[in-house]
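K.L.:
Residue numbers (our numbering): -17 to 234.
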C-alpha cells in the first residue's frame, strides 16, 4: 500500500511539472509571436513613409528643374523682345538713336554726376524714431525727380537703369528698383549738365537740405565721363498697343 501510494504521488508531481512547463512555454511563444506581429505591423508604415519621402524628394527636384527651365525661357523671350525693338530701331535711322536712348536699351556715357547717400551713422537720441536716420524709397524718388527736372538724360541707381516704367518702392529693410533689391549705400548716377544737376540738388530748401538734419548727408561728385548700363528688366506691355495710321484715322 505504501509503495503504491508513493508511485501515484510521483506520477502526479511529474504530470504537474510537465503541465506547468507547457503553460510557461506556451506563454513565452505567445509573447514572441505577438512581438513579431507588432514588429511586422510597424515595418509596413515605416516603409510607406520612406517611399512617400522619396516621392516627395523627386517631386521637389522636378519642380526646381521646371522652375529653372521657366526662368530660362522667360529670359529668352525678353531677349527676343529687346532684339525685335533693336532691329526695328536700326531700320528707322536716324530717329532710332533717340528711341533707343529714351527706352534705355543701350548703355550711355557722358559727363554728369554721382550722388552717394547712406543711412545715418549718428547715435539715436532718447525717444528718437530709428526710421528718421534711414534712407527711404521716397527720398530716392525725390532725388531722381530733381535730377530729371535739372535735365538729366539718363539715371541709374546702384547699376539699375531707370526708364519710364521703373519703380522705386519699399521692400522691408531694402528698396526695390526695377524689381531688384538694392541696399545702402545708394549710388545715383546721372548723365547731363553736372553744374545744373548739382545746383538743383543743393537748392535752398531742396531735398538734400531736408534730409541733412536726420544725418542723411549726400556726397555729390561731378565727373567728365561716366557710364550708365542699358535697362535689363522686362518690357512686357499687356494692355498698351501701338497706334497705327489706320486706327488713328478711325478714332478721328
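The beta-carbon is built from N, C-alpha and C at its ideal position, and this holds for glycine as well. As the structure is a prediction and not an experimental result, all values here were calculated from the model.
With a CB to CB cut of under 7 Å and the five nearest residues on each side skipped, what residues in its chain are close to residue 104?
P.N.:
Stepping through the chain shown from its first residue, residue 104 is reached at position 122. Closer than 7 Å at Cβ, skipping near neighbours: 115 and 197.
K.L.:
What does DSSP give as the partner residue(s) for residue 168 in the beta ladder?
P.N.:
Here the question's residue 168 lines up with position 186 in the chain shown. According to DSSP, residue 168 bridges with 99.
K.L.:
For a quick check, are the C-beta atoms of residue 91 and residue 122 less than 8 Å apart?
P.N.:
In the chain shown, residue 91 corresponds to position 109, counting from 1. In the chain shown, residue 122 corresponds to position 140, counting from 1. Contact flag unset, no.
K.L.:
Compare the C-alpha of residue 147 against each of 34, 32, 213 and 223 and name the closest.
P.N.:
Reading the chain shown from its first residue, position 165 is the one you call residue 147. Here the closest residue by C-alpha is 213.
K.L.:
Using the three-state DSSP reduction, which class does residue 93 fall into: helix, strand or coil?
P.N.:
On the chain shown, position 111 is the one that residue 93 refers to. Here residue 93 sits in strand by DSSP.
K.L.:
Relative to the C-alpha of residue 130, which candidate in 155, 222, 176 and 98 has its C-alpha closest?
P.N.:
Against the chain shown, residue 130 aligns to sequence position 148. Checking every option, the nearest Cα to that of residue 130 belongs to 176.
K.L.:
Out of 195, 201 and 158, state which residue places its alpha-carbon closest to the alpha-carbon of residue 183.
P.N.:
For the purposes of this step, residue 183 is taken as the residue at position 201 of the chain shown. The option with the nearest alpha carbon to residue 183 is 201.
K.L.:
Using the beta-carbon count (16 or more within 10 Å), is residue 144 buried or exposed?
P.N.:
Looking up residue 144 in the chain shown gives position 162. By the neighbour-count rule (16 or more Cβ atoms within 10 Å), residue 144 is buried.
K.L.:
From residue 154 to residue 89, what distance separates their C-alpha atoms?
P.N.:
Here the question's residue 154 lines up with position 172 in the chain shown. Here the question's residue 89 lines up with position 107 in the chain shown. Going from the Cα of residue 154 to the Cα of residue 89 covers about 30 Å.
K.L.:
Which same chain residues, not among the five before or five after residue 215, have their C-beta less than 7 Å away from its C-beta?
P.N.:
Here residue 215 is taken as the residue at index 233 of the chain shown, counted from 1. Counting only Cβ-Cβ distances below 7 Å, and skipping sequence neighbours, we find 160 and 161.
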